[in-house]
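First up is the structure itself, then whatever we jot down about it.
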Amino acid sequence: MANILTNNVILTDGPIKGVERDTAGILAFKGIPFAAPPVGPLRWKSPRQPAPWKEVLDATKFGPTPWSALLGAPTPTPQSEDCLTVNVWTAAERDEKLPVMVWIYGGGFQFGSSATPDYDGSKLAEKGVVCVSFNYRLGPLGFLALPELDNEEHPSGNFGLQDQIAALRWVRNNIAAFGGDPDNITLFGESAGGHAVGLLMASPLSTGLFHKAILQSGAFWDTEHGPLPNFERARELGSMLTKKLGVSSISELRNLSAEVVTSAGSWNHNEDPVVTALGPSVDGYVLEQYPSQVFLQGRQMKIPMITGWNAVEDLFFRPRALPYSSPDAYKSAAERLFGSRTPEFLSLYPGETVEQAKASAEQLIGDMVISQQTWEAADLHFHHGITPVYVYHFTYTSAYSPLPAHGADLAFVFGTLRKNQIVSTAPPAGDEDKAFADRMITYWTNFAKFSDPNSPNPTLPHWPAYRGSSTDVLDLGNVIAPLDYPQARFRFIQSMRKDGVLPTDWVHNHLTSSDNRTNALNLTGAQDD
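Sequential numbering of the sequence shown, starting at 80, is according to the working numbering.
So, in structure tokens, the structure goes:
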């Protein structure tokens, strides 16, 4: 009996009581504080240690959802600034040292919550890992940069990333109490969460906090507008917010309600003021350089990596595509963006007809926002001799999941397969969906265990390690097999970088068009940039 792990656990900060083991043997612990509430004088400060407690803390319910800057975003629990909590799922017994998988949710750094049912870690825990998720500050509350804030402590702007680092420190210090191995932590995330994994791989503050990385549909937080903001631009954006709020001091800002601050920085996905949305920036502290530059120089964390993208990454970003109402409109926009290299661009993204221009514009926006940098992270990792690296292309479709769009992989990585999780009008998941989810979970948890998605006793198709070739990509589709994925489009965008960084003037040259709207599918839970 002494080795049985119960739902009563003692942490470094105090005792907690979680949910008793379910029929699959999974214990769940939810809403555990990993930092002090970032409220009042701690708003726009680095996360602080939580106050210790003596009474048993109820860890049976998720904590509050961070304040969202996306208009109309779903909130699985009430929103609050007091949101810095962590959740754990484990099937371990006491004193076991199981591999740990730590999840970072997406949402463009503007919305999201670890309480989202899609991110339930039970199915992963059933495969012999300890699964962890956590919240981090978003939008204006997580990424405001101002000179006045710089004077208070470190350079300001990346408080949300500092929350992520604080959560990883909490995992290192506490995960053994849940049967997890603090020396075997895999960090994984999708969309903005995948970008966050890439950013933390490039941050000097993350060294030693995780040992493997899975980047799903994200890497450097580059967009069609160019790279993430530099130090000066981040402070310009912060000043724009304070002017909009009509305040002139930090004390006035801190006296405003979280709702007022967040509403002033609200973000509308279709209208795309993402160029003025507050997100990660090169602050000289959390991020000393552009992440793509760090990867180009080979100074990122030298750890095993899985990375990949979905076949229809462009779906939610189509309103931001080049105009395609006519071939001339498309070519004119391309000339503004690519100048003398337009003929080369048009050979890869042709636009001789409206239909062709539409397809190319949509392909381009998916490549620029997600696919190219995800591939490039793997390519640079490999070419600096950092192995192993594994690359996938998600193409799976079924009646339940009819389009491999941005975010469609999540239901299968977590095995949640909820009705309406991917498409609101789709039928429930079938046996083939459950079987495919089990395959993806097995690949992901194998990687956490062995630094290799292939099991020592193979039961799944072999996943080849990436060696720089177009054939070193696994098609995660209805038939799982190696895929020859052409790299010419990605190489072209890569060639536009200078010292690893995309042109910052793309923000001025990139065009959007109000006719670039899609009603293709009502996808739910996958609108995270």
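Cβ atoms here follow ideal geometry from the backbone N, Cα and C, with glycine treated the same way.
Here the structure is a predicted model, which is why all the values come from computation and not from measurement.
Please look up how many angstroms separate the CB atoms of Ile444 and Glu303, rounded, as I've assumed it's under 8 Å.
Locating residue 444 in the sequence shown gives position 365, counting from the first residue. Locating residue 303 in the sequence shown gives position 224, counting from the first residue. Ile444 to Glu303, Cβ: 6 Å. Contact.
So, helix, strand or coil for Leu217, using DSSP?
Looking up residue 217 in the sequence shown gives position 138. Coil at Leu217, not helix or strand.
Starting from the Cα of Leu150, find the closest Cα among Cys162, Phe141, Gln189 and Thr164 and give me that residue.
Looking up residue 150 in the sequence shown gives position 71. Among Cys162, Phe141, Gln189 and Thr164, the Cα nearest to that of Leu150 belongs to Gln189.
Tell me the DSSP bridge mates of Glu269?
The sequence position of residue 269 within the sequence shown is 190, counting from 1. BP columns for Glu269 point to Gln295.
Nearest by alpha-carbon distance to Val339: which of Lys577, Ser159 and Pro143 is it?
Numbered from 1 along the sequence shown, position 260 holds the residue referred to as residue 339. Minimum Cα distance to Val339 is reached at Ser159.
In angstroms with no decimal places, state the Cα-to-Cα distance between Asp351 and Lys176.
If you number the sequence shown from 1, residue 351 lands on position 272. If you number the sequence shown from 1, residue 176 lands on position 97. Because Asp351 sits at a pLDDT of 49, beneath the cut-off of 50, its placement in the model cannot be relied upon, and the following sentence gives the value as read from the coordinates. So the two alpha carbons sit approximately 45 Å from each other.
Across which residues does DSSP place His472 in a beta bridge pair?
On the sequence shown, residue 472 is found 393 positions in, with the first residue counted as 1. According to DSSP, which records beta bridges pairwise, His472 is partnered with Trp388 and Asp554.
Gly191: which of Pro153, Leu220 and Glu205 sits nearest, CA to CA?
Residue numbering aside, residue 191 sits at position 112 when the sequence shown is read from its first letter. The candidate whose alpha carbon is nearest that of Gly191 is Pro153.
Collapsed DSSP secondary structure at Asp260 in the structure displayed
Taking the sequence shown and counting its residues from 1, the one referred to as residue 260 is at position 181. Here Asp260 sits in strand by DSSP.
Please report the Cβ distance between Asn389 and Ser296, rounded to the nearest whole angstrom; I am assuming they are in contact, meaning their Cβ atoms lie under 8 Å.
Sequence index remark: in the sequence shown, residue 389 carries index 310 (1-based). Sequence index remark: in the sequence shown, residue 296 carries index 217 (1-based). Indeed, because the Cβ distance is near 6 Å, the residues count as touching under 8 Å.
Can you name the residues that DSSP bridges to Asn166?
Taking the first residue of the sequence shown as position 1, residue 166 is located at position 87. Paired residue(s): Ser212.
For Ile244, name the three-state secondary structure that DSSP assigns.
The residue given as residue 244 occupies position 165 in the sequence shown. Helix.
Where Lys206 falls: helix, strand or coil (DSSP):
Your numbering for residue 206 matches position 127 in the sequence shown. Correct three-state label for Lys206: coil.
Relative to the C-alpha of Leu223, which residue among Glu231, Arg216 and Gly236 is closest?
One-based indexing of the sequence shown puts residue 223 at position 144. Answer by Cα proximity: Gly236.
At the level of alpha carbons, what is the spacing between Ala255 and Ile244?
Walking along the sequence shown from the start, residue 255 turns up at place 176. Walking along the sequence shown from the start, residue 244 turns up at place 165. Cα-Cα distance, rounded: 18 Å.
Asp137 versus Leu106 - alpha carbon distance
For the purposes of this step, residue 137 is identified with residue 58 of the sequence shown, where counting begins at 1. For the purposes of this step, residue 106 is identified with residue 27 of the sequence shown, where counting begins at 1. For Asp137 and Leu106, the distance between alpha carbons rounds to 14 Å.
Burial state of Arg546 (16 or more Cβ within 10 Å):
The sequence position of residue 546 within the sequence shown is 467, counting from 1. With fewer than 16 Cβ atoms within 10 Å of its Cβ, Arg546 is classed as exposed.
Classification of His587 by the beta-carbon crowding that lies within 10 angstroms, buried from 16 upward
Looking up residue 587 in the sequence shown gives position 508. Confidence at His587 is low in this model, with a pLDDT of 48, below 50, so the placement of that residue is unreliable and no value is reported for it.
Report buried or exposed for Asp407, applying the criterion of at least 16 other Cβ atoms within 10 angstroms of its Cβ.
In the sequence shown, residue 407 corresponds to position 328, counting from 1. By the 10 Å Cβ count, Asp407 comes out exposed.
Run through the DSSP bridge pairs and tell me what Gln158 is partnered with.
The sequence position of residue 158 within the sequence shown is 79, counting from 1. In DSSP, Gln158 forms a bridge with Thr144.
Could you check whether Gly494 and Ala527 sit closer than 8 Å to each other, using their CB atoms as the reference points?
One-based indexing of the sequence shown puts residue 527 at position 448. One-based indexing of the sequence shown puts residue 494 at position 415. Their beta carbons are not under 8 Å apart, which means Ala527 does not touch Gly494 by this criterion.
Checking contacts by CB at 8 Å: is Pro306 closer than that to chain C?
Looking at the structure shown, chain C is missing, and only one protein chain is on hand.
Is the beta carbon of Glu269 sitting closer than 8 Å to the one on Lys124?
Position 190 of the sequence shown, counted from the start, is the residue given in the question as residue 269. Position 45 of the sequence shown, counted from the start, is the residue given in the question as residue 124. Cβ atoms of Glu269 and Lys124: not closer than 8 Å.
Give every residue of the same chain whose Cβ lies closer than 7 Å to the Cβ of Thr91, excluding the five residues on either side of it in the sequence, and list them in chain order.
The residue you call residue 91 lines up with position 12 of the sequence shown. Closer than 7 Å at Cβ, skipping near neighbours: Asn252 and Asn253.
With DSSP collapsed to three states, give me the class of Lys133.
For the purposes of this step, residue 133 is identified with residue 54 of the sequence shown, where counting begins at 1. DSSP places Lys133 in coil when its eight states are reduced to three.
Answer yes or no: do Phe571 and Glu423 have a C-beta to C-beta separation smaller than 8 Å?
The residue you call residue 571 lines up with position 492 of the sequence shown. The residue you call residue 423 lines up with position 344 of the sequence shown. For Phe571 and Glu423, yes; Cβs fall inside 8 Å.
Can you grab the Cα-Cα spacing for the pair Ile293 / Tyr522, in whole Å?
What you label residue 293 is simply residue 214 of the sequence shown in a count that begins at 1. What you label residue 522 is simply residue 443 of the sequence shown in a count that begins at 1. If you take the alpha carbons of Ile293 and Tyr522, they lie about 11 Å apart.
Can the beta-carbon of Val88 be found less than 8 Å from the beta-carbon of Phe113?
Locating residue 88 in the sequence shown gives position 9, counting from the first residue. Locating residue 113 in the sequence shown gives position 34, counting from the first residue. Against a cut-off of 8 Å, the Cβ pair of Phe113 and Val88 comes out as no contact.
Endpoints, the alpha helix (DSSP H) within which Trp454 is located:
As a first step, residue 454 must be located in the sequence shown, where it is residue number 375. Taken as a continuous stretch (DSSP letters only), the alpha helix (DSSP H) holding Trp454 covers Gln451 to His462.
Please classify Leu149: does DSSP put it in a helix, a strand, or coil?
The residue you call residue 149 lines up with position 70 of the sequence shown. Three-state DSSP puts Leu149 in a strand.
From His472 to Pro481, what does the alpha carbon distance come to, in whole angstroms?
For the purposes of this step, residue 472 is identified with residue 393 of the sequence shown, where counting begins at 1. For the purposes of this step, residue 481 is identified with residue 402 of the sequence shown, where counting begins at 1. Roughly 16 Å between the two C-alpha positions.
Using the rule of at least 16 other Cβ atoms within 10 Å of the residue's Cβ for burial, across every protein chain shown, is Val135 buried or exposed?
If you number the sequence shown from 1, residue 135 lands on position 56. Exposed, because fewer than 16 other Cβ atoms sit within 10 Å of the Cβ of Val135.
For a quick check, are the C-beta atoms of Leu217 and Ala275 less than 8 Å apart?
Against the sequence shown, residue 217 aligns to sequence position 138. Against the sequence shown, residue 275 aligns to sequence position 196. Result no, Cβ atoms of Leu217 and Ala275 do not sit closer than 8 Å.
Can you name the start and end residues of the beta strand (DSSP E) that Gly110 belongs to?
Locating residue 110 in the sequence shown gives position 31, where the first residue counts as 1. Segment Leu106 to Pro112, the beta strand (DSSP E) holding Gly110.
What would DSSP say about Val361, mapped onto helix, strand or coil?
Position 282 of the sequence shown, counted from the start, is the residue given in the question as residue 361. In the structure shown, Val361 adopts coil according to DSSP, grouped into three states.
Own chain, CB closer than 7 Å to Lys140, minus 5 neighbours either side, in chain order
Residue mapping note: residue 140 aligns to position 61 of the sequence shown, counting from 1. Counting only Cβ-Cβ distances below 7 Å, and skipping sequence neighbours, we find Lys109 and Gly110.
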